[in-house]
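Quick notes on the structure that follows.
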Amino acid sequence: MSRRFYVIGNPIEHSLSPVIHAAFARETGIPIVYEKRLFAIEDFDGQLQQLLKTEKVSGANVTVPFKTKAYEASRTLSGRARRAGAVNTLSFRKDGQIVGDNTDGIGFVRDVKRLYGENLDKAHVLLLGAGGAARGLLAVLPEFVESVTVANRTEAKAVSLAREFGVFSCPLEGAYGSSWDIVVNATSASLNGAVPAVDKRVLSSASLCYDLMYSRVATPFMQQAQCAGCPNVHDGLGMLVEQAAESFRIWNGIRPTVEPVLFWLRATP
Ligand code: NDP
Numbered sequence: 000m001s002r003r004f005y006v007i008g009n010p011i012e013h014s015l016s017p018v019i020h021a022a023f024a025r026e027t028g029i030p031i032v033y034e035k036r037l038f039a040i041e042d043f044d045g046q047l048q049q050l051l052k053t054e055k056v057s058g059a060n061v062t063v064p065f066k067t068k069a070y071e072a073s074r075t076l077s078g079r080a081r082r083a084g085a086v087n088t089l090s091f092r093k094d095g096q097i098v099g100d101n102t103d104g105i106g107f108v109r110d111v112k113r114l115y116g117e118n119l120d121k122a123h124v125l126l127l128g129a130g131g132a133a134r135g136l137l138a139v140l141p142e143f144v145e146s147v148t149v150a151n152r153t154e155a156k157a158v159s160l161a162r163e164f165g166v167f168s169c170p171l172e173g174a175y176g177s178s179w180d181i182v183v184n185a186t187s188a189s190l191n192g193a194v195p196a197v198d199k200r201v202l203s204s205a206s207l208c209y210d211l212m213y214s215r216v217a218t219p220f221m222q223q224a225q226c227a228g229c230p231n232v233h234d235g236l237g238m239l240v241e242q243a244a245e246s247f248r249i250w251n252g253i254r255p256t257v258e259p260v261l262f263w264l265r266a267t268p
């Protein structure tokens, strides 16, 4: 019998996770049912308990705005979920235990390895933003690269995050002066058609500029980096598929191949 999974969020209609997991299921031959589930903003815990009482569910992905609530609902946490303070992958054990993990950071690292190359361990990374997505990256990224520096519009948040994760921080407008191999936009600026106020020389001298946001057309940050002359500019679709692949592995014990799904998603209008 197929095991059942959900992606829980609010809003959730836009989520690509069901089509990604359906493709993984076809590729691996593991039959699963994976659907979207809208939770009301209030009382995540109550709705989760109700879901587990009425249906036999094996796991769930959790997206905006419930990742912190999913963290609090987890009885057991992976190290990376604990460090991130957020959970995007829940496993519901037969004994009733809820296990929380966070696959965002490793999803990002795997996509960047594909785009930047295997010498990622020599890279100096400038991370723009100090919200939930930045935390997910900081839980994993520092062990894969030479250095990480956080810069944020509200500088105090970057300073505090850098202290917590043992990385560097610098003012957003003052990032020019050092040389960054990879610049990551983990702000939500692109969602509002805006760009972070970073010097264009920071972008032009980087080998890779990466926007966590994904879109059918170039995001505002991607356009900003392309105009500045960065030769290698990408959105976060690869991270989305990679984090899904890691969730699939946690639940089903097999890591699916990401490239065909990514290729197919990019080609689908
Ligand atoms: P949060 O709301 O937690 O954080 C928002 C961050 O963006 C803050 O640091 C905020 O700065 C900054 N910011 C917002 N507007 C601007 C602006 N105009 N200029 C400069 N900085 C700005 O959001 P998340 O961290 O949850 O999400 C960030 C992005 O990551 C979103 O676009 C989201 O879609 C994407 N994402 C992609 C994933 C993927 O799989 N590809 C996974 C997770 C997230 P301040 O502190 O000053 O307010």
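In numbering that gives the first Met the number 0, the protein residues as written are 0 to 268.
Glycine included, each C-beta is placed from N, C-alpha and C at the ideal position.
Contact check, residue i vs residue j, beta carbons under 8 Å
i	j	result
Ser206	Ala227	no
Pro170	Glu26	no
Ile31	His20	yes
Thr186	Gly128	yes
Tyr209	Asn184	yes
Gly225	Val232	What sits at residue 225 in the sequence shown is Gln, not Gly. Yes, these two residues count as a Cβ contact at 8 Å.
Ile7	Val61	yes
Tyr70	Arg36	no
Val276	Val139	Look at the range of the chain in this structure, 0 to 268, and you will see that residue 276 is not part of it.
Distance between residue j and residue i (C-alpha atoms, nearest Å)
i	j	result
Arg3	Phe91	11 Å
Phe38	Gly78	27 Å
Val260	Glu245	14 Å
Ala150	Phe43	32 Å
Thr67	Ala85	5 Å
Phe23	Phe247	8 Å
Ser1	Glu34	13 Å
Gln222	Ala59	34 Å
Gly237	Leu137	18 Å
Val194	Ser146	24 Å
Gly95	Ala122	42 Å
Thr267	Lys112	24 Å
Residue i, buried or exposed, once every other Cβ within 10 Å from all chains shown has been counted against 16
i	result
Asp103	buried
Ile40	exposed
Gln49	exposed
Ser168	buried
Glu241	buried
Gly235	buried
Gly173	exposed
Quick check for students: name the residue ranges of the alpha helix (DSSP H) that lie wholly in the region 195-224, counting only runs of 4 or more. Listed in chain order, they are 199-203.
Which runs of the beta strand (DSSP E) spanning at least 3 residues fall entirely within the region 26-72, listed in chain order? For the region 26-72, whole beta strand (DSSP E) runs of length 3 or above, ordered along the chain, are 31-37 and 58-61.
Suppose only complete runs of 4+ residues qualify. What are the alpha helix (DSSP H) ranges in the region 158-199, listed by chain order? The region 158-199 is shown to contain no whole alpha helix (DSSP H) run of 4 or more residues.
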